[in-house]
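Undergrad: Sharing a structure, written as structure tokens. Questions coming.
There are 2 protein chains.
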Amino acid sequence: MNRFTLLAEDGAARRGRLETAHGTVETPVFMPVGTAAAVKTLEPRDLEALGARIVLANTYHLFLRPGHERVQRLGRLHRFMSWPGAVLTDSGGFQVFSLGERTGRVKGGPGLVTIAEEGVTFRSHLDGSRQFLSPEKAIAVQEALGADVIMAFDECPPSLADRAYHERSLARTQRWLVRCRQAWREIEDRRADDPGAEQYACDLFGIAQGGLHPDLRARAIEEAAALELPGYALGGYAVGEEPAQMWEGVERDAPRLPRGKPRYLMGVGTPEDLLAGIAAGIDMFDCVLPTRTARNGLLFTSRGKVVIRNARHADDTGPIDPACTCYTCRTFTRAYLRHLFKAGEILALRANTLHNLHFYLSLMQGAREAIEQGRFQSFRRERLAAWREGDPT
Amino acid sequence: MNRFTLLAEDGAARRGRLETAHGTVETPVFMPVGTAAAVKTLEPRDLEALGARIVLANTYHLFLRPGHERVQRLGRLHRFMSWPGAVLTDSGGFQVFSLGERTGRVKGGPGLVTIAEEGVTFRSHLDGSRQFLSPEKAIAVQEALGADVIMAFDECPPSLADRAYHERSLARTQRWLVRCRQAWREIEDRRADDPGAEQYACDLFGIAQGGLHPDLRARAIEEAAALELPGYALGGYAVGEEPAQMWEGVERDAPRLPRGKPRYLMGVGTPEDLLAGIAAGIDMFDCVLPTRTARNGLLFTSRGKVVIRNARHADDTGPIDPACTCYTCRTFTRAYLRHLFKAGEILALRANTLHNLHFYLSLMQGAREAIEQGRFQSFRRERLAAWREGDPT
């Protein structure tokens, strides 16, 4: 089992440490997303240089291509990707619903995604082939992929689905969680008996759903906590609701998660969201935002966002952010980056990605230091004020 | 003026050194192509790590976007790209004809590209706008871009155009060469009088055309040599003829170029072509082949070519080339690279590009050492044999 240690608290904010067989992860941490076993445009050495110590990979994508059994044969994710740090995989549930061409799912009608008690039948977004994932299958796939942290198989309904749907869905997700735990424990037992097995933990985190309904969230958290899992996540945030609704929910839910276990807010979010989540006591985050927006030319800076394709940068010989120490800012001007982006050069996508991830990881580094020094709230206020005031583009 | 020194000869093959204000270039040299002021997918630090000391940038592309005047304002190419090494620009002539939607050009009919004695009118491949380049304009644009070596503005007809066309075209190209030289000398004079001017050479290389006609080539070379330019290129090879025809032509023409000046074979070529060119006495090469094929998944190895998307690599835990020391081969398996390529990951393009350029630059390094040691012909024979025999995909 990975070991989680709570090092300091500052209000509800927490400074922790997750020790895995693939290195130590200081929390709060942002996990770059490596959907298909690669953080888009970046090499493992880039991630290491950026200070990333854990990345997320998507079970759904790897299950479909190149296949979990192939990844397992090739040495599991760490060797496959040549990534020495820690890896967390999601369960595939979120993508099954979001990429599997959902039709009538929430309304209960028949669709390309069919949810049954046993599991979910869906069509591959790659070739339309019929696929099936269940709690047991999702755990087995993740174990084959070889992540240090694996996630329970759940349904993540849109926040704004009606309450009756949330109730039905949550009840099923909770039953699935019990099955996930059972499947995971069987794997753990098998591994313990197999001297040839990989000697590192494959820790299952539970996920609490419940939409924007406080009582459903409370029940989900309580039932999950009773299962005594190695970590817990809040799912179902940032799926359609307003930021203020999410922050209110996270502020309410996060402190209810077991104090001694890592707390992970899935798929979140903007820099503002990260600070709100940390303030609420969240330890782990992941989101495609910094990498996806980078490829769209949206850059985060200490003075707010920059849209690099804007004409105002055409003759700007300054860096994206004078306060930034990333390779891109040390090397390239806004004028050059704008040119690369407009010319469709792949280098633009990479340079932007390096910068945005550096911004996110530096923000987390700053937050960790602030918590250690008991000044997280002022750190948060100062950052938010600086983002709001400067460099509007 | 850059200084060229002939260090050793081995048969017709030459080992030389081109000293520029932006570093020393050991020859024979392969120049990676950075069309839009970026070698696709790579950062300047990658090029330095690969041992590249000179890159080529395309005048046509930069003239249209972001514009030579903007590049000049932004510190010319070296500062714009953040590239400390040497830069060579072509004249734009080749792309004017190949990208400017030629219609009826060779046959003499009216087309979107109109050649007159004064210069060439063409339409931008970006927005269809009407553009004009002449010998004087091409020199002025290249001077503004700030390359260490600039090229004469010429027409590059398909090898297999008829002789009458080659004769007419060559005569005009030769008149243009005289005008290029005049324009270049005026710039040099102006720079010499301007204490604020950039203190580095902008050396004009002449280009000899003539297709596959030995007498036209001989005349072109003789007339160009009489102009006493800092360097000379063979243009119009690898534009439609068979490799054997090109090698025969280059073998005949290269030794006729002035011995004390650098000799550049434009737009060539395959690894086999490079060895043939070196054997004929060529010092400089450029080609999009290693970078473009990398993005298409074709990889060069010490045992021949590898098509990375092929199913036979799906479970191959070996590197692209066990004999290769590039980052890609030190880090990634064929199985992972195939996965990245099939998944459309940008990282695949970059990893492949790093490898192919490493292959090309290492080949040139090997050739330089072989010439120094008087064993270039055996070096060439061994390489050709190894490429032919191994790893067919």
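As they're listed, the protein sequences go chains A and B.
So that you can map any letter, position 281 of the first sequence is 281 in the numbering used here, and since no number is skipped, the others follow by simple counting.
Take the position in the second sequence, starting the count at 1, then add 1000; the result is the number in the numbering used here.
A virtual CB, placed ideally from N, CA and C, is assigned to each residue, including glycine.
Small disclaimer: the values here were computed from a predicted structure and weren't measured.
#1: Tell me the residue span of the alpha helix (DSSP H) that contains B:THR1325.
#2: When you compare only the Cα positions, how much space is there between B:GLY1016 and B:ASP1090?
#3: If the criterion is Cβ atoms closer than 8 Å, does the pair A:MET364 and A:PRO28 meet it?
#4: Whole angstroms is fine: what's the gap from A:ALA3's alpha carbon to A:GLU26's?
#5: Quick check: what's the CA-CA separation for B:LEU1099 versus B:LEU1133?
#6: Report back the beta-carbon spacing between B:LEU1257 and B:LEU1229 to the nearest angstrom; my notes put them in contact at under 8 Å.
#7: If contact is defined by three or more beta carbon pairs under 8 Å, each pair taking one atom from either stretch, is the stretch 251–265 of chain A in contact with the stretch 294–311 of chain A?
#8: With a CB to CB cut of under 7 Å and the five nearest residues on each side skipped, what residues in its chain are close to A:ARG130?
#9: Quick one: what's B:MET1284 bridged to in DSSP?
#10: Is B:ASN1310 buried or exposed, if buried means 16 or more other CB atoms sit within 10 Å of its CB?
#11: From A:GLY267 to B:ARG1330, what does the alpha carbon distance come to, in whole angstroms?
#12: Is there a Cβ of chain B sitting closer than 8 Å to that of A:ILE346, yes or no?
#13: For A:TYR200 and B:ALA1335, what's the separation of their Cα atoms in angstroms?
#14: Looking only at DSSP bridge pairs, what is B:THR1114 linked to?
#15: Just to confirm my understanding: we take B:GLY1277, look at its own chain, exclude 5 residues before and 5 after, and list those with CB closer than 7 Å. What are they?
#16: Taking A:GLU19 as part of the alpha helix (DSSP H), name the residues at either end of that continuous run.
#17: In whole angstroms, what is the alpha-carbon distance linking B:THR1035 and B:HIS1061?
#18: Quick test of the definition: if touching needs 3 or more C-beta pairs under 8 Å, does the stretch 1133–1147 of chain B touch the stretch 1071–1090 of chain B?
#19: Buried or exposed for A:THR328, please, with buried defined as at least 16 other CB atoms from any protein chain shown within 10 angstroms of its CB.
#20: Taking DSSP as the reference, what is the three-state secondary structure of A:ARG217?
#21: Would you call the stretch 1066–1077 of chain B and the stretch 1371–1382 of chain B touching, i.e. three or more CB-CB distances under 8 Å?
#22: Can you tell me the Cα-Cα spacing of B:ALA1367 and B:ARG1181, whole angstroms?
#23: Name the chain B residues whose beta carbon is nearer than 8 Å to that of A:THR317?
#24: Pull the bridge partners of B:VAL1039 from the DSSP assignment, please.
#25: Might you give, ordered along the chain, the residues of its own chain that have their beta carbon closer than 7 Å to the beta carbon of B:ALA1314, omitting 5 neighbours on each side?
#26: For the beta strand (DSSP E) containing A:VAL178, name the first residue and the last one.
#27: Apply the 10 Å Cβ neighbour rule to A:GLU389 and answer buried if 16 or more other Cβ atoms are within range, or exposed otherwise.
#28: From this set, A:ARG70, A:LEU298 and A:ALA161, which residue's C-alpha is nearest A:GLY240's C-alpha?
#29: Please confirm whether B:PHE1341 has its beta-carbon closer than 8 Å to some beta-carbon of chain A.
#30: Can you tell me the Cα-Cα spacing of A:MET31 and A:VAL288, whole angstroms?
#31: Measuring alpha carbon to alpha carbon, tell me which residue in B:ASN1058, B:PHE1080 and B:LEU1047 is nearest B:PHE1153.
#32: Between the stretch 35–46 of chain A and chain B, which residues of the former have CB atoms less than 9 Å from a CB of the latter, in chain order?
#33: Please go through the same chain and pick out, in chain order, the residues whose beta-carbon is closer than 7 Å to the beta-carbon of B:GLY1281, but skip the five residues on each side of it.
#34: Please go through the same chain and pick out, in chain order, the residues whose beta-carbon is closer than 7 Å to the beta-carbon of A:LYS107, but skip the five residues on each side of it.
#35: Out of curiosity, what's the CA-to-CA distance linking A:ALA208 and B:CYS1326?
#36: Here's a check: name, in chain order, each residue in its chain whose Cβ is nearer than 6 Å to the Cβ of B:PHE1094, leaving out the five neighbours to either side.
TA: With the given structure in hand:
#1: First-last for B:THR1325: undefined, no H or E at that position.
#2: Note on geometry: alpha-carbon atoms of B:GLY1016 and B:ASP1090 lie some 21 Å from one another.
#3: Against a cut-off of 8 Å, the Cβ pair of A:PRO28 and A:MET364 comes out as a contact.
#4: Inspection of the sequence shows that residue 3 of chain A is occupied by Arg rather than by Ala. In a straight line, the C-alpha of A:ARG3 is about 12 Å away from that of A:GLU26.
#5: Rounded to the nearest angstrom, the two C-alpha atoms are 14 Å apart.
#6: For B:LEU1257 against B:LEU1229, the beta-carbon gap comes to about 11 Å, at or over 8 Å, which does not count as contact.
#7: By the Cβ test, the stretch 294–311 of chain A is not in contact with the stretch 251–265 of chain A, since fewer than three Cβ pairs between them sit closer than 8 Å.
#8: Cβ within range, chain order: THR121 and ARG123.
#9: Among the bridge pairs identified by DSSP, B:MET1284 is matched with B:VAL1029 and B:TYR1264.
#10: Classification for B:ASN1310: exposed.
#11: So the alpha carbons of these two residues sit roughly 33 Å apart.
#12: The beta carbon of A:ILE346 falls within 8 Å of a beta carbon belonging to chain B, placing the residue at that interface.
#13: Within the model, the alpha-carbon separation for A:TYR200 versus B:ALA1335 is close to 24 Å.
#14: As a beta-bridge residue in DSSP terms, B:THR1114 pairs with B:THR1121.
#15: Shown here for B:GLY1277: same chain residues with a beta carbon closer than 7 Å to its own, the five before and five after excluded, namely VAL1250, LEU1265, VAL1268 and PHE1285 in chain order.
#16: Taken as a continuous stretch (DSSP letters only), A:GLU19 belongs to no alpha helix (DSSP H), being part of the beta strand (DSSP E) at 13–20.
#17: A straight-line Cα-Cα distance of about 7 Å links B:THR1035 and B:HIS1061.
#18: Segments in contact, yes.
#19: Looking at its Cβ environment, which holds 16 or more other Cβ atoms inside 10 Å, A:THR328 is buried.
#20: DSSP places A:ARG217 in helix when its eight states are reduced to three.
#21: The stretch 1066–1077 of chain B is not in contact with the stretch 1371–1382 of chain B.
#22: Computed Cα separation, rounded: 33 Å.
#23: Within 8 Å Cβ-Cβ: LEU1074 and GLY1075.
#24: For B:VAL1039, which the question treats as bridged, DSSP gives no partner whatsoever.
#25: Short of 7 Å from the beta carbon of B:ALA1314, and not among the five residues preceding or following it, lie these beta carbons of its own chain, in chain order: ALA1335 and ARG1338.
#26: From DSSP, A:VAL178 is part of no beta strand (DSSP E) but of the alpha helix (DSSP H) over 163–193.
#27: Exposed.
#28: Looking at the Cα atoms, A:ALA161 is the closest of the given residues.
#29: No, B:PHE1341 lies away from the interface with chain A (no Cβ there is under 8 Å from its Cβ).
#30: Going from the Cα of A:MET31 to the Cα of A:VAL288 covers about 9 Å.
#31: The shortest C-alpha to C-alpha distance from B:PHE1153 to any of B:ASN1058, B:PHE1080 and B:LEU1047 is the one to B:ASN1058.
#32: For the stretch 35–46 of chain A, which is checked against every Cβ of chain B, the residues closer than 9 Å are THR35, ALA36, ALA37, ALA38, VAL39, LYS40, THR41, LEU42, GLU43, PRO44 and ARG45.
#33: Contacts found: ALA1012, ALA1013, ARG1014, ALA1254, PRO1255 and ARG1263.
#34: For A:LYS107, the predicted model reports a pLDDT of 44, less than 50, meaning its position is unreliable; a value from the coordinates is still stated below. Excluding sequence neighbours, A:LYS107 sits near nothing in its chain.
#35: One C-alpha to the other measures close to 46 Å.
#36: Once the five neighbours on either side are set aside, the close Cβ partners of B:PHE1094 are CYS1156.
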